[in-house]
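Read the structure below first, then the notes.
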């Protein structure tokens, strides 16, 4: 280890934790030495108020930097500073999700500064962190910047703090082995591959996705095109039939066009005939009316005389109505005056009653004032009650505080009890679930073997009679680890033994059999365990020697049972010697029987028994199918049941204890409530005495004020009575005037009524004369009405025919698509109409014939032709689109081929170089390991990945590195050596590995350390940070590495009192004595 001139160390003495880093910076002078740093290496790390540090600066070396210090001193804080200072996400560190959590506790701001080596001038990145806002302020070389610009600068130097192959913090060590093969490949490409390699990989994945999409599109379009052509071929015959039907329909359309013209012509002729007949009827009607004119003139004269009379009667009726209305108005005015008189009298009565009530209330108030003054005289002076009230206030306050404490304790206990009860319910539910499983097994036993179940119940009630262990039937005691393996156990152990009881001592078994078999006449089986335990007896052949035949376990390892039962089964049925195989075993059964020399074998579904003839020495084998399991399919974890019972006892005890405490607190609460009531009663009594005199004085003052107000509100009743009398006289005078007007209106209404009666009599006489004339005229008008009716009918017939002609003309125009105003057949239809029939009967007959022919073409419609034509166009479009997609697909395939060649060959070379170093490292540790490029399908580029396979023992095969197969130490070794293999390629500026040696055994840790030192200290490698809390003794170090010792704590020496040179001199003086000892 090279420790050169000590650099300045910075710390703050006013902090609870002082930090000191002891290191040398031999790279600050000389341009030749500076060249040992690669582009992007870290030259300096400065932390202020960051995690455990007040203020510290670290100057790492260009090669291996080993950061050593006890747990909690701040080694990982340096890793966090590197990540956050280079714009890394907090999720990478796995500590806190907010950047403000990385500021030292008690501080509002923190700072991280990273200086990166660049040939064009070092890059200094500074990040100021604000705790309150959880925001950061960035600077690049002292100039304000933002996180995006910092990320671009870091990316330009090929620094990837989010890549586990380059930056592996302590909390993420375990995640390296959990990375999938594709994830590991991408991380490796980013870390050590050329910049274009990862881009090519991304392009290939994108091209492949688009190629797959285009292939699917081409398949879909080709399939759709084929189906469309097949459908059109099937519809071709329907289209031909549709064309024939269309010709019939066109002829029908022409007939329907001519039909309204024929109908119009017939209707027009009939209209002319009706017009002629109507003129003749009108002429006859005129002659008849001239004969009846004198009688009609007389009737008209009477009507002329009647009309003025009717008008006079109407006028008189209106005048009578007006006079009646005025009479009613005057009557209403008289009623209102009577109501006014009643209101005046009622108001007078009300004031008289109010005055009487006022006098009564004044008397009551005077009497009440006298009573209150008497009480006031009887009430003494109570000014000495203040001290006693203050004392009671203090006692009440103390009592309430104690009540609050008791209530708080009760609330805490209630919350604790609720939590315990919830836990108790969960445990009870789980216990019931386990008991249900046991009950199901016991129910199977009861249903199949009734006597055995009765003996079981007797055994449970009388276990105290036995000296040794007495076990229930084996089917209840055996717990199969995987229900799928129940068939092997039940096929191997006879049913009689599965239902047999097992005893440790012979005398216990004899006592049991005497009781249940002889006394109770129950048919049961019982066995005794061997005196020497065979439960742990190893198999005669290791299972590893049989795995090549497909065997994965011996029968004994498939289930759990008490020691005596397991000992009996090993002794009696050799469950520790019978292997269980798979389909592979069955496929090579002849080889297994010939080479394994096993007596009994289980495959996936069969049992094989092998015997050797005593006479011919030939091997004879027989096989039988495994019977389905019946009794052992329910699996129960006995240890889990025992733990549940223990947890139930503990929780029930806690609940019982809490109930007792709550009862005691309840009694205490009752006593405090009683004391509170007593104190409040005493306080109320004293308060009532003190406030009684004040209340009496206030009541007397209030009543006196009320009495004064009542005396001031006195009313002069005599004056009020005089005013009321005067108002009544004035109203009576108004009533006399209204009554006179009412009499005048009544007289006028009577006069008008007499005149109306005279006019009505005259009207009756004239009306009778007119009715007689009309009767005479009506008797001679029968012929007139008949003519009028005939004329009206002809008018209606004419209007109907005229409307029919118009509608037929409109219909014909619409059928022939004529312009408005045209009334003749269009010229283009003359020739066509001339070839068609000219009568309605012939047109109807031809229409029916053509419709019948058209109806013969059933099951087809215009949509069939439209769909046929549309599909023909679709077929043309699809053929064009398919050709375009195929051309695009060929282009993508050409692009994939070109990019794949530029990506895959360099990648294989890169993986081969990694594999060479990785394998070399493992060989140096007397182990084996290899790295290869793995892909299930060469065309699926997102499935490409790096597969790491390792072997740490000679007796095992190479196994893929997974989170489950290897131990934690083996995973750490594999991870470390893979990262060292990447270190040799030297394309990233630095790597960070935090406490990866945790969990390694000393031998592997020493080997890994030697590889790290040897690899990371080469002049061609990049910078390397190795963080560890401990180191083995007598390790080999290199001159190129730098050891950074982290000292941190409240009782450490101040930096000014520490001398690394003095420490080295003391260490050098101690070495001879150690060697001597």
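Residue numbers (my numbering): 22 to 1098.
Note that beta-carbon positions come from the ideal geometry of N, C-alpha and C, so glycine has one too.
No experiment lies behind these values; they were computed from the predicted model shown.
Nearest candidate by alpha-carbon position, reference residue 57, set 1068, 568, 1037 and 923: 1037
In chain order, what are the residue ranges of uninterrupted alpha helix (DSSP H) at least 4 long that sit wholly in the stretch 896-964? none
Given residue 555, which residues of its chain have a CB within under 7 Å of its CB, disregarding the five upstream and five downstream residues? 588, 591 and 592
Residue 121 versus residue 413 - alpha carbon distance: 54 Å
Rounded to whole angstroms, how far is the Cβ of residue 202 from the Cβ of residue 1032, which I believe are closer than 8 Å? The Cβ separation is near 24 Å, so there is no contact.
Just to confirm my understanding: we take residue 580, look at its own chain, exclude 5 residues before and 5 after, and list those with CB closer than 7 Å. What are they? 499, 500, 501, 502 and 510
What does DSSP give as the partner residues of residue 643 in its beta bridges? 630
Let me know the secondary structure DSSP gives residue 493 once reduced to three states. coil
Between which two residues does the beta strand (DSSP E) harbouring residue 550 extend? Unbroken run through residue 550: none, as it is neither H nor E.
Any idea if residue 597 is buried or exposed, counting beta-carbon neighbours within 10 angstroms, 16 or more meaning buried? buried
Pick out whichever of 91, 747, 75 and 61 has its Cα sitting closest to the Cα of residue 1050. 91
Looking only at its chain, what residues have a beta carbon closer than 7 Å to the beta carbon of residue 867, apart from the 5 residues adjacent to it on each side? 276 and 858
DSSP state of residue 383 mapped onto helix, strand, coil: helix
By the three-class DSSP mapping on this structure, what secondary structure does residue 329 have? helix
Cβ pair count under 8 Å reaching 3, the stretch 763-779 against the stretch 380-391: no
To the nearest angstrom, how far is it from the Cα of residue 45 to the Cα of residue 79? Confidence at residue 45 is low in this model, with a pLDDT of 41, below 50, so its placement is unreliable and no value can be given for it.
In the DSSP assignment, what residue or residues form a beta bridge with residue 1013? 188 and 1046
Nearest-angstrom Cα separation, counted from residue 112 out to residue 1022: 30 Å
Using only alpha-carbon positions, find the residue among 176, 287 and 272 that is nearest to residue 830. 287
So what does residue 969 bridge to, in DSSP terms? 952
Taking the C-alpha atoms as reference points, what is the distance between residue 228 and residue 102? 40 Å
Do residue 257 and the ligand SAH come close, with the Cβ less than 7 Å from some heavy atom? Questions concerning the ligand SAH fall outside what the structure shown contains, since it holds no ligand whatsoever.
With distance defined between alpha-carbon atoms, name the residue in 377, 295, 365 and 223 nearest to residue 736. 377
Would you give the residue range spanned by the beta strand (DSSP E) that residue 157 belongs to? 156-161
Residue 581 - partner residues in DSSP beta bridges: 500
Give the C-beta separation of residue 351 and residue 762 to the nearest angstrom, bearing in mind that I take them to be a contact with Cβ-Cβ under 8 Å. 6 Å
Along the beta strand (DSSP E) that carries residue 67, what are the first and last residues, could you check? 63-71
Cβ of residue 430 within 8 Å of Cβ of residue 686? yes
Buried or exposed for residue 894, please, with buried defined as at least 16 other CB atoms from any protein chain shown within 10 angstroms of its CB. exposed
Nearest-angstrom Cα separation, counted from residue 182 out to residue 148: 16 Å
For residue 886, I'd like the list of residues in its chain whose CB is within less than 6 Å of its CB, leaving aside the five on either flank, ordered along the chain. 260 and 263
Quick check: the Cα distance between residue 164 and residue 176, rounded to an integer number of angstroms? 19 Å
Go through its chain and collect everything with a Cβ distance to residue 1095's Cβ below 7 Å, but skip five positions before and after it. At residue 1095, the pLDDT of 44 sits below 50, so the modelled position is not reliable; the number obtained from the coordinates is stated separately. No residues qualify anywhere along the chain.
By alpha-carbon positions, which one of 374, 75, 486 and 84 ends up nearest to residue 61? 84
Can you name, in chain order, every residue of its own chain whose Cβ lies under 6 Å from the Cβ of residue 951, other than the five neighbours on each side? 936, 940 and 970
Go ahead and pull the three-state DSSP assignment for residue 524. strand
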